[in-house]
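Residue numbers (this note's numbering): 150 to 269.
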């Protein structure tokens with residue numbers, strides 16, 4: 150990450166070690182580097198999961214960083230449609246509740262070719 154002294158910028162699409170295919174950074178390293186580079190906030194948007202949420206939230210708050218909770222989920226109209234990724238961010242407690250429901254729904258109701266998908 151670059152030094153962030155002059156620009157108020159927030160990364161809103163970050164995968165951690167909990168995105169098994171796309172992420173390698175450990176949550177605590179992500180938080181430490183964000184603080185080191187002067188960020189005030191960062192989003193964690195792992196692939197269709199919230200596994201790192203608690204660790205991310207606690208670590209961020211302890212170091213004065215505002216955590217933004219999110220997830221990248223795949224969406225499709227139906228099981229025959231193209232699947233497209235979308236990043237969802239929780240604005241507040243209700244947004245978090247909705248996000249957990251969508252992630253769960255993707256695993257329970259929307260499997261396409263073995264991948265969790267939110268059908269709409």
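By construction, the Cβ of each residue, glycine as well, lies at the ideal position given by its N, Cα and C atoms. Model, not experiment: these values are computed from the prediction.
- Note that the segment 222-233 does not touch the segment 204-214; fewer than 3 beta-carbon pairs, one per stretch, sit closer than 8 angstroms.
- From the listed residues 164, 190, 260, 199, the smallest Cα separation to residue 210 is found for 190.
- The Cβ-Cβ distance between residue 196 and residue 172 falls below 9 angstroms.
- Note: residue 191 is bridge-paired with 216 in the DSSP secondary-structure output.
- Counting other Cβ atoms within 10 Å of its Cβ, residue 201 reaches 16 or more and is therefore classed as buried.
- Pairing residue 176 with residue 161 gives a Cβ-Cβ distance that is not under 9 angstroms.
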